[in-house]
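First up is the structure itself, then whatever we jot down about it.
2 protein chains.
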Amino acid sequence: MKQLRIPGPTPCPPEVLQAMSRQMINHRGEEFRNILADVTAKTKQVFQTKNELLILTSAGTGGLEAAVVNHLSPGDKVLGVSIGLFGDRFANIAKIYGADVTLLKFEMGKAADPDMVKKALDADPKIRAVLVTHNETSTGITNDLAALAKVIKSYDKLLMVDAVSSMSSVNVPVDAWKLDVAVSASQKGWMVPPGLAFISMSEAAVKAQAVSKMPKFYFDLAKARKSAELRETPWTPAISVFFGMQVALDMLLKEGLQNVYARHIALAKTTREGMKSLGLDLLADEKYASNTVTAVRANHGIDYKKLSKIMREEFDITIAGGQGELEGKIFRIGHMGWAFEPEIKECIAALKLALPKAGYVK
Amino acid sequence: MKQLRIPGPTPCPPEVLQAMSRQMINHRGEEFRNILADVTAKTKQVFQTKNELLILTSAGTGGLEAAVVNHLSPGDKVLGVSIGLFGDRFANIAKIYGADVTLLKFEMGKAADPDMVKKALDADPKIRAVLVTHNETSTGITNDLAALAKVIKSYDKLLMVDAVSSMSSVNVPVDAWKLDVAVSASQKGWMVPPGLAFISMSEAAVKAQAVSKMPKFYFDLAKARKSAELRETPWTPAISVFFGMQVALDMLLKEGLQNVYARHIALAKTTREGMKSLGLDLLADEKYASNTVTAVRANHGIDYKKLSKIMREEFDITIAGGQGELEGKIFRIGHMGWAFEPEIKECIAALKLALPKAGYVK
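Note that the protein sequences, when read in sequence, are chains A and B. Numbering-wise (this note's numbering), the first sequence opens with residue 1358 and increments by one. Numbering-wise (this note's numbering), the second sequence opens with residue 1358 and increments by one.
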């Protein structure tokens, strides 16, 4: 079976794909208003939040930009906690819009250490906000967000979380963990094509919005909130992706969030055990290994480009490579969203045959 | 037949909708790279340009923001030529990002006067850039862009054009008219669901990008251009909408652009003649009446809300109302993209029956 084993876009269920082909409707009419209300309410259920939640037509990165430009002002001191490429990106957005960013960077393949975050906050009491990546797709690490949030919120800082590749696949209780801003995007565990980003905002975040001085227009959440009161979006939304979301959310909620999380825990375990049984080395500290994507070292003679080609051409399975400084050094297997055990086992079996052809010697 | 007669999102052909339901693929793999190259090349054909053209995952407004923030710096003097809501919006984006905007506003329902634009440019030689809406959806007016461009380019100003609701339905030869930046979006005449914006940039625009100091990240065209060299997008693109674009572009080019333009001229004429035969008053100066949307005055006792409800509930036809200060004062009929004579005639016939029930007395 054809497999897209990258950490997003993820494969979509046929029911979702069918919904994507519905004819256009008026985005300011009652039918779309009801869809927007329905999708917003159910997305909030997945976020486990009573906070306001807005839906933007953009990639996840647009959601991260919205988080930054709506809650901060130029000159604001910000702590960017980074364990990889996406942590760097989040901090970089803040920097580009004029924030005074301190980057607290951890070694690739390791999780962020809450004690180090505490030290960084102690070292500079003027820090207003902290940016954290929950699941770092580039290294396959999931931070201990509960522990990080506990530290950060004990200092009453604004906590903004990139939950793009975790939310809906792993447990992210926004209210229980007091996440002021949380961002996700449709093409990850949501089982829907790319095009929509989701952002939730606590009361503290909404207050921060009122005094934020960074410039914004397309991603202006004040405009989006004003439209949301009329059950509309300020700009024309990606209607088809909303159709897909409606179907996918019902599937997720019918399966039950706890069951969805359990399925991802099992899929990740099968993947990691499979990799180890093939003699491969995992990049991630296993204590923090992600349940949505597994990063494997391309060592022992493995030529990643060759491996990727063989997997795709001989087995119809698309795997992902490393990004940035990890390019060529790792490969990654996505197992989020519409993913099941038999596929992962088939993927492992294919790797067993492909690896020796790609130079692997143990 | 169910009809969506609003000026976007527009109805999509079944072939396009079917393409929207294709399974996800790797957005950094060869298959998507080829699709991106194909869609970019054919979109450039419709833009009639050899300029660089980039595709962004956003609504058209995101494309307008990209135009502003990539080519201007805070403090830059900008002339915003506005004949309605979308002209105001374009100028407002520039203002929010710190440009020094002079708004040259014309009466609702009238086109921009090239002589007045010339006077405004003479009055302030420090103006660097001019923002123009080609087709103003809120009033159903198409500016004489050829004449405006001739004036503006004779001053060597950077000319940035909102062609969101004109490009692909009416003739907009970007290179012949020397448009430095032109923006359009998938849900208009392109016959595709919303989610993608298109932006073309002349050599002068690319030079302006290099010195632009407005902050940007998601809409950073330098990043998009760097990715485009690898036939990729910097952030995850709305893949399904690309699938739709591929099919729709082939349909547009097969019909032939001149035939597409002729069809829109005929549709608009049928619409206007129909409205007049019903005794209704057109908002637009007929000399500049749009070929993609017709605005009709809701006078002679017409209750727009009632009319809209009757049209929708009794005839399954969705028409659009007025926006901003025109709310309740006009109604609008979209005839762009996948639209044909019999539908427009059916719409006119339905209006004939609906109008008296909505209070219309002549």
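In this text, a Cβ means the ideal position worked out from N, Cα and C, and glycines have one as well.
With respect to chain B, the C-beta atom of asparagine 1383(A) has a partner C-beta closer than 8 Å.
Taking CB atoms only, valine 1540(A) has no neighbour in chain B less than 8 Å away. Residue-level contact by beta carbon fails for threonine 1397(B) and chain A, as no gap is shorter than 8 Å.
When the five nearest sequence neighbours on each side are left out, the beta carbons in the same chain lying within less than 6 Å of the beta carbon of valine 1518(B) are those of Val1489, His1491, Leu1536 and Ala1539, in order along the chain. The beta-bridge partner set that DSSP reports for leucine 1515(B) consists of Ala1486(B). With a cut-off of 8 Å on Cβ pairs, the stretch 1594-1601 of chain A is in contact with the stretch 1378-1390 of chain A, counting three or more such pairs. Here glycine 1631(A) carries a helix assignment [DSSP, helix/strand/coil]. Separation of serine 1526(A) and glutamine 1566(B) (C-alpha to C-alpha, rounded to the nearest whole angstrom) is 40 Å. At least 8 Å separates the beta-carbon of valine 1617(B) from that of leucine 1606(B). Counting only Cβ-Cβ distances below 9 Å, glutamine 1380(A) has contacts in chain B at Lys1359, Leu1361, Pro1368, Cys1369, Pro1371 and Leu1374, in chain order.
Around glycine 1546(A), the same chain offers Ser1525, Ser1526, Met1693 and Gly1694 as residues with beta carbons nearer than 6 Å, after the five sequence neighbours per side are excluded. Leucine 1710(B) carries a helical assignment under DSSP once its states are collapsed to helix, strand and coil. Annotation for glutamine 1380(B): no beta strand (DSSP E) segment contains it, and DSSP assigns it neither H nor E. Listed by position along chain A, the residues whose Cβ is nearer than 7 Å to that of tyrosine 1575(B) are Ser1415, Thr1418, Gly1419 and Glu1422.
At a cut-off of 8 Å between beta carbons, valine 1617(B) makes no contact with chain A. For glycine 1613(B), not one C-beta of chain A is nearer than 8 Å to its own C-beta. Around the beta-carbon of methionine 1602(A), 16 or more other beta-carbon atoms lie within 10 Å, marking it buried. Taking C-beta separations shorter than 8 Å and ignoring five residues to either side along the sequence, the partners of threonine 1400(A) in its chain run Leu1410, Ile1412, Phe1555, Met1602 and Leu1606, following chain order.
One finds Thr1593 in chain B with Cβ atoms closer than 7 Å to the Cβ of glutamine 1544(A), taken in chain order.
A direct Cα-to-Cα measurement between lysine 1633(B) and serine 1522(B) gives close to 24 Å. According to DSSP, residue pairing for methionine 1524(B) in a beta bridge involves Val1527(B). Residue-level contact check: methionine 1473(A) does not touch chain B, since none of the beta carbons of chain B fall below 8 Å from its beta carbon. Nearest in C-alpha terms to arginine 1588(A), of all of Thr1367(A), Leu1578(A) and Gly1386(A), is Gly1386(A). Residue-level contact check: proline 1551(B) touches chain A, since one or more beta carbons of chain A fall below 8 Å from its beta carbon. The beta carbon of alanine 1477(B) sits closer than 7 Å to those of Leu1436, Thr1459 and Leu1461, all from its chain and outside the five residues before and after it, given in chain order.
For the stretch 1656-1669 of chain B, the beta-carbon criterion of a distance under 7 Å to any beta-carbon of chain A is satisfied by none of its residues. Excluding sequence positions up to five before and after aspartate 1660(A), its CB lies within less than 7 Å of the CB of Ala1715 and Gly1716, all in the same chain and listed in chain order. Selection Met1548(B), Asp1532(B) and Phe1389(B) evaluated against valine 1373(B) yields Met1548(B) as nearest (Cα-Cα). Secondary structure at aspartate 1638(A): coil, using DSSP grouped into helix, strand and coil.
The C-beta distance from isoleucine 1440(A) to lysine 1467(A) rounds to 7 Å, short enough to meet the 8 Å contact threshold. Contact note: isoleucine 1453(A) reaches chain B through Pro1572, Lys1573, Phe1574 and Asp1577, using a C-beta cutoff of 9 Å and chain order. Straight across, the Cα-Cα distance linking arginine 1669(A) with leucine 1708(A) is about 11 Å. In this structure the stretch 1423-1432 of chain B touches the stretch 1446-1456 of chain B; the number of beta carbon pairs closer than 8 Å is three or more. DSSP places isoleucine 1687(A) in the strand class (E or B) of the three-state scheme. A buried status is given to glycine 1420(A), since no fewer than 16 other beta-carbon atoms sit within 10 Å of its beta-carbon. Residue pairing for lysine 1434(B): DSSP places it in a beta bridge opposite Asp1457(B).
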